[in-house]
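Here is the structure we will look at.
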Amino acid sequence: MNEITSSIQVIDRAVSLLDALSNYDQPVSLKFLAADTGLHSSTAFRILGSLIVHGLVERTEGGDYHLGNRLLRWGDQVRSRIDIRSEARPVMAWLRDQVGETVNLTVREGDEVVYVERVTGRHAIRVEQVIGSRAPLHVTAVGKLMLGELGEQSIREFAQRTGLPGFTKNTLSNETALAQQIERDMRNGYAFDDEEAELGVGCIGVLIRDSSGSVVAGLSVSAPIERRKSEWVERLVDAGKKISARLGYSG
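In structure tokens, the structure reads:
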């Protein structure tokens, strides 16, 4: 058995142990887990030990096993994204019908936004971001608002960490200029991307909050710059509020 095959087999066995643990409401013994998965007790013991190190499994004082708290965090993240997408899509469709252009839903991962949902526009020539594609925070309307939400220090650290790479002649690659623009955007409650990520493409974005008031996503409209209209702002802001309300935000 080569190294890759062996590694895959270990992953398969780890997943089978996690699945077995998920079938029990109470901590369960190694004997039962080995029987449920068909693994030798010594093999199950070694894999469970590794899962404990990574916080995916925990062991009681009596020696029984149960799922670890790290899985709760992962589960919350997955659940929040699924919920956001399902709650956002009807409002995104409404906004698309209002403006006729592509509407995007994005979340933050590290120093980037990730496009997790979209509703395409009606025009023959559309601006679309493929679901799963990414862009640096400072070149997108929503990304700038996400930076601003965390304050000046966050902007400064982001600039130092990334170097603010330029994508077009309009990219805000100067830390001071970026911070000043973000300050204006935060006061307005919305932001523009003026061909900062791609020449010929403009965007307007707002933030989406959950029941705790935390920013969980961003909503934006993308269009060829000659078709983008400032009067869309009011409808976009309204759509962002509707999605936030559907997530329990009442601010």
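Under the working numbering, the sequence shown has 1057 at position 143, and the numbering climbs by one with no breaks. All C-beta atoms, glycine included, are put in the ideal place defined by N, C-alpha and C.
Excluding the 5 residues preceding and the 5 following residue i in the sequence, name in chain order all residues of the same chain whose CB lies nearer than 6 Å to its CB.
i, result
"Ser1087", "Leu1078 and Gly1080"
"Arg1022", "Met1060"
"Arg1048", "Glu1026 and Val1028"
"Ser1134", "Asn1018, Ala1055, Val1056, Cys1117 and Gly1119"
"Met1100", "Gly1062"
"Glu1089", "Ala1073"
"Trp1008", "none"
Going by the DSSP bridge assignment, what does residue i pair with across the sheet?
i, result
"Gly1103", "DSSP, once it has assigned bridges, lists no residue as partnering Gly1103."
"Val924", "In DSSP, Val924 forms no bridge with anything."
"Pro941", "Partner(s): none; Pro941 has no beta bridge."
"Val1129", "Arg1123"
"Val971", "Leu981"
"Ala1049", "Val1027"
Near residue i, which residues of its chain fall below 8 Å by C-beta distance, leaving aside the five closest residues on each side in sequence?
i, result
"Ser955", "Leu944, Lys945 and Ala948"
"Leu931", "Leu947, Thr951, Leu953, Ala958, Ile961, Leu962, Leu965 and Val971"
"Leu1051", "Arg1022, Asp1025, Glu1026, Val1027, Gly1057, Lys1058, Met1060, Leu1061 and Phe1072"
"Thr1076", "Asp1025, Pro1050 and His1052"
What residue does the beta strand (DSSP E) around residue i start on, and which one ends it?
i, result
"Ile1122", "Val1115 to Arg1123"
"Glu1026", "Glu1026 to Val1033"
Please classify residue i: is it buried, with 16 or more other beta-carbons within 10 angstroms of its beta-carbon, or exposed?
i, result
"Asn1018", "buried"
"Asp1107", "buried"
"Leu986", "exposed"
"Thr1016", "buried"
"Ile925", "exposed"
"Ile1157", "buried"
"Thr1034", "exposed"
"Ala934", "buried"
"Leu975", "Note on residue identity: the sequence assigns Glu, not Leu, to residue 975. Exposed: under 16 other Cβ atoms inside 10 Å."
"Ser1164", "exposed"
So what does DSSP say about residue i, is it helix, strand or coil?
i, result
"Asp978", "coil"
"Ala1111", "coil"
"Pro1004", "helix"
"Val1135", "strand"
"Asn1018", "strand"
"Val1044", "coil"
"Glu1145", "coil"
"Arg1036", "coil"
"Glu1140", "coil"
"Thr1090", "helix"
For residue i, which residues from the same chain have a beta carbon less than 7 Å from its beta carbon, with the 5 sequence-adjacent residues on both sides left out?
i, result
"Ile1096", "Lys1058, Leu1061, Gly1062 and Ile1069"
"Val1030", "Arg995, Arg999, Leu1019, Thr1020, Val1021 and Ile1045"
"Val1147", "Tyr1104 and Ile1118"
"Gly1162", "Asp1124 and Ser1125"
Starting from residue i, follow the alpha helix (DSSP H) in both directions and report where the run begins and ends.
i, result
"Lys1058", "Ala1055 to Glu1063"
"His1076", "In the sequence as displayed, the identity of residue 1076 is Thr instead of His. Looking at the DSSP string, the run of the alpha helix (DSSP H) that includes Thr1076 is Glu1066 to Thr1076."
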